[in-house]
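Report on the structure given below.
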Amino acid sequence: MTKILIGYGTTEGHTGRITEYIADVMRSQGHEAQGLDLKGSKDLPLDSYDAVMVGGSIHMGKHEEHVADFVRKNRVSLERLPSAFFSVSLAAHGDMENARAYVENFEQETGWRPTQVGYFGGALLYASTDSSNA
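Under the working numbering, the first residue of the sequence shown carries the number 649, and numbering increases by one thereafter.
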């Protein structure tokens, strides 16, 4: 059984839901998959994992800084292990040029060139407004 970590960063929770879906699919194929929000996860050793996926959402034109920090700190392990990156953005709904540019910027920031990259369309959550209070 392959033990896989899926570390992620999320702003609105959508990337966390995508991570759980990926983990469920991997579990259904007989793997041990663990989703982990990287925010606040300090010094996580990757030695006990057979593979690692990292996912991050775009907010204000960038992936979360704690996701980039995790990748920079663990780049050697990520390059040694089978690893992949997935990016969640509104651009992935139809502007793949921008979606790829976000990932290219992330790769330049972190120095990590994942073997596999996935793109998922993000969610735009609107706050409801109560006009009766206006």
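In this text, a Cβ means the ideal position worked out from N, Cα and C, and glycines have one as well.
- request: Just confirm the distance between the C-beta atoms of Leu832 and Leu653, as a whole number of angstroms; I'd bet it's less than 8 Å.
  value: This structure does not reach residue 832, given that the chain is present from 649 up to 782, and the question cannot be answered.
message: Quick check: the Cα distance between Glu713 and Phe754, rounded to an integer number of angstroms?
response: Distance between the alpha carbons of Glu713 and Phe754 is about 10 Å.
field: Nonlocal neighbours in the same chain, by C-beta distance under 8 Å from Gly661, ignoring five residues either side
entry: Beyond the five residues adjoining it in sequence on each side, Gly661 comes within less than 8 Å, by CB distance, of no other residue in the same chain.
task: Specify the secondary structure class of Gly759 as computed by DSSP and reduced to three states.
output: Gly759: coil per DSSP, three-state reduction.
Those residues which DSSP pairs with Tyr767 across a bridge: Ser735, per the DSSP bridge assignment.
query: By Cβ distance, which residues of its chain are closer than 8 Å to Ile675, with the 5 residues on each side in sequence left out?
result: The question names Ile, yet the displayed sequence has Arg at residue 675. Only residues of its own chain outside the window of five on either side were considered, and among them Ala681 have a CB closer than 8 Å to the CB of Arg675, listed in chain order.
- prompt: Helix, strand or coil for Tyr750 per DSSP?
  reply: If DSSP states are grouped into helix, strand and coil, Tyr750 belongs with the helices.
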